[in-house]
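Novice: Could you have a look at this structure, given as structure tokens, before my questions?
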Amino acid sequence: MKKIFLLAVLASGLAFGQAKKVVSSDVHWWGYKVAKTESSSHDGTVKVKSGNMIMKGNELVGGDFVLDMTSINATDLSGEYQGKLNGHLKNGDFFEVEKFPTASFKITSVKKNSDKVYNKLVTGNLTVKGKTNQVSFPAKVNYANGVVSLESNKFSWDRQKFDVAYKSSMKDVFVKDEIDMTVKVSAK
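Here the UniProt record's numbering is used: the first residue of the sequence shown is 1, the next is one more, and so on.
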């Protein structure tokens, strides 16, 4: 009976994949004013609260990540201006972190990409402020010594699709809809 149970566990692991827990991460974002230039932007980080990557053999086949939106931090400013922007991003004008303290991304597919550096196209469901939309991005995916790493190229998503809108008349017109991001995660 023990042998049958062990075979069943092994077979289910092969069929559904093996979960690897995220052990390190670096998520960077860029937001832009009217002109999408470095001089009219702010950038910063947000922490990954938890996550898993699902491996089937040597291939990434799925995963999910939870972002701690209370950790959103503008890194291009310091002092009083940084504090004001961080508060602004966290309040009802943008991410409403008291009501929506986390965001998430669930990988739905990983396909081969023609780019030699970013060898995979990762697609998934991004949920921000309770709204879910599909997002895809090119990524480098490597698996060695039991550690899987995913590093995205810079990609964009439309904040308006998630109701991340500057809640003031006309001010939203001066903020670009696209938020750029890069994501680096490792799991073992």
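Positions of the beta carbon are idealized from the N, C-alpha and C atoms, including for glycine.
(1) Hey, could you find the ends of the alpha helix (DSSP H) Leu-85 is sitting in?
(2) In terms of residues, what are the limits of the beta strand (DSSP E) holding Gly-57?
(3) Indicate the three-state DSSP secondary structure (helix, strand or coil) for Ser-114 in the structure shown.
(4) From what residue to what residue does the beta strand (DSSP E) around Lys-184 run?
(5) Leu-60 and Leu-150: beta carbons closer than 8 Å?
(6) Give the straight-line distance between the Cα atoms of Ala-139 and Val-128, rounded to the nearest whole angstrom.
(7) From what residue to what residue does the beta strand (DSSP E) around Val-97 run?
(8) Could you tell me the distance, in whole angstroms, from the CA atom of Asn-153 to the CA atom of Gln-82?
(9) Under three-state DSSP, which class holds Lys-154?
(10) Could you tell me if Lys-33 is buried or exposed, where buried requires 16 or more neighbouring beta carbons within 10 angstroms of its beta carbon?
(11) What did DSSP end up calling Lys-33 once you bin it into helix, strand or coil?
(12) Under 8 Å: do the region 106 to 125 and the region 87 to 97 share three or more Cβ pairs, one atom per stretch?
(13) Short check: CB of Trp-29 to CB of Val-48, under 8 Å?
(14) Would you kindly report the start and end of the unbroken beta strand (DSSP E) that includes Gly-124?
Specialist: Concretely, from the data shown:
(1) Here residue 85 is taken as the residue at index 85 of the sequence shown, counted from 1. According to the DSSP assignment, Leu-85 belongs to the alpha helix (DSSP H) that extends over 79 to 90.
(2) Taking the sequence shown and counting its residues from 1, the one referred to as residue 57 is at position 57. Segment: none, Gly-57 is in no beta strand (DSSP E) and carries neither H nor E.
(3) Counted from its first residue, the sequence shown places residue 114 at position 114. It is coil, neither helix nor strand.
(4) Locating residue 184 in the sequence shown gives position 184, counting from the first residue. From DSSP, the beta strand (DSSP E) with Lys-184 extends over 175 to 187.
(5) Here residue 60 is taken as the residue at index 60 of the sequence shown, counted from 1. Here residue 150 is taken as the residue at index 150 of the sequence shown, counted from 1. Closer than 8 Å, so yes.
(6) Position 139 of the sequence shown holds residue 139. Position 128 of the sequence shown holds residue 128. Cα to Cα, the separation comes out at about 21 Å.
(7) As a position in the sequence shown, residue 97 is number 97, starting the count at 1. That residue, Val-97, is in no beta strand (DSSP E); it is neither H nor E in DSSP.
(8) Stepping through the sequence shown from its first residue, residue 153 is reached at position 153. Stepping through the sequence shown from its first residue, residue 82 is reached at position 82. Computed Cα separation, rounded: 26 Å.
(9) As a first step, residue 154 is located in the sequence shown; it is residue number 154 there, counting from the start. Here Lys-154 sits in coil by DSSP.
(10) Here residue 33 is taken as the residue at index 33 of the sequence shown, counted from 1. Under the 10 Å beta carbon count, Lys-33 is surrounded by fewer than 16 other beta carbons and is classified as exposed.
(11) Counting from one through the sequence shown, the residue named residue 33 turns up at place 33. Lys-33 falls in the strand class under three-state DSSP.
(12) No contact exists between the region 106 to 125 and the region 87 to 97.
(13) Position 29 of the sequence shown, counted from the start, is the residue given in the question as residue 29. Position 48 of the sequence shown, counted from the start, is the residue given in the question as residue 48. Contact flag unset, no.
(14) Looking up residue 124 in the sequence shown gives position 124. 120 to 128 is the span of the beta strand (DSSP E), which, as asked, contains Gly-124.
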